[in-house]
Amino acid sequence: MVDNQQIFEREQVIQRLGDEEVFKEIISVFLETCPQYMIQLEEAIQAKELSDAQKAVHKLKGAASNVGSDLVRDNALSVEQAIEKQDYTSIFSRFSDLKENTQALQDILVQELEKNQNKT
Amino acid sequence: MKTLIVEDEFSSRKILEKFLGKYGKYEVAVNGQEAIDSFQMAWEEKEPYDLVVLDIMMPNVDGQEALKQIRAYEKDKGVVGFGEVKVIMVTALDDPKNVVEAFYEGGANSYLVKPIDNEQLNQELKNLGLI
Numbered sequence: 000m001v002d003n004q005q006i007f008e009r010e011q012v013i014q015r016l017g018d019e020e021v022f023k024e025i026i027s028v029f030l031e032t033c034p035q036y037m038i039q040l041e042e043a044i045q046a047k048e049l050s051d052a053q054k055a056v057h058k059l060k061g062a063a064s065n066v067g068s069d070l071v072r073d074n075a076l077s078v079e080q081a082i083e084k085q086d087y088t089s090i091f092s093r094f095s096d097l098k099e100n101t102q103a104l105q106d107i108l109v110q111e112l113e114k115n116q117n118k119t
Numbered sequence: 000m001k002t003l004i005v006e007d008e009f010s011s012r013k014i015l016e017k018f019l020g021k022y023g024k025y026e027v028a029v030n031g032q033e034a035i036d037s038f039q040m041a042w043e044e045k046e047p048y049d050l051v052v053l054d055i056m057m058p059n060v061d062g063q064e065a066l067k068q069i070r071a072y073e074k075d076k077g078v079v080g081f082g083e084v085k086v087i088m089v090t091a092l093d094d095p096k097n098v099v100e101a102f103y104e105g106g107a108n109s110y111l112v113k114p115i116d117n118e119q120l121n122q123e124l125k126n127l128g129l130i
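Chains as they are written, first to last, in numbering that gives the first Met the number 0: chain C, 0 to 119; chain Y, 0 to 130.
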């Protein structure tokens, strides 16, 4: 189990995005799109459609980096590299890590938004 | 400033829209082919872009190819040097070879590594004389 700090660098993201409003908006966008990327990725892996899997995981990698999660970005990069090598054993094991940490990230970001809503 | 944002991933596109929307009008393309089409159309309408922010890795026509075709189109129209549109390539941290190709072969003016940083983008816009 990883702690919140490892999965998401809040202050860094706000600084990079310039203000808290943009930050909230980008989190909302991530929470909308991330489940879609994960479904696309999982289906493509199961169907052994590696080109589709590569496109989905590349998007997820970019999205994770936008919300400040180096952990999920690195997990996505590992999956991407395993896909490039067509190494199914690694693809499945790394996907499993990615799935777990992506879920943890989404849970943290939902809490983050709720915290912000309670403030206003 | 009139900008074309070319990015296939939704949150990255949204960030660029937020950052660049402050400086004027922008249009959006989600792949390289749309970028080339938008670029040519803007030219034909005599309202060319001042800046193209171009993601490198996209499906179908990628950013490298779009950049080559944009520069080829300009050359065909007799546009050289200062008159060329400014192009900032956007790349993933783990993909440096693409940046090299964009600079030495494609004619990019600058590049940014994802995740895009507001301050870094502003600095690049200043360096390119756009703001």
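Here a beta-carbon is modelled for each residue, glycine too, at the ideal position from N, C-alpha and C.
Model, not experiment: these values are computed from the prediction.
Asked                                                                                                                            : Found
Contacts around C:A81, its chain only, beta-carbon distance under 6 Å, and the 5 residues preceding and following it disregarded : S89, I90, R93
DSSP-derived helix/strand/coil call for C:E111                                                                                   : helix
Local Cβ density within 10 Å of C:S64, reported as buried at 16 or more and exposed below that                                   : buried
Closer than 9 Å to chain C by CB, Y:I115                                                                                         : yes
Candidates Y:F18, Y:K1, Y:L3, Y:T2: closest to Y:P114 by CA position                                                             : Y:F18
Spatially closest choice to Y:F81 from Y:V89, Y:D61, Y:G106, by CA coordinates                                                   : Y:G106
For Y:L3, the first and last residue of its enclosing beta strand (DSSP E)                                                       : 1-5
Element boundaries [beta strand (DSSP E), containing Y:E26]                                                                      : 24-28
Close beta carbons around Y:A101, own chain, < 7 Å, minus the five adjacent residues each side                                   : I55, Q63, L66, M88, A107, Y110
Listed by chain order, chain Y residues near C:K60 by CB distance under 8 Å                                                      : A91
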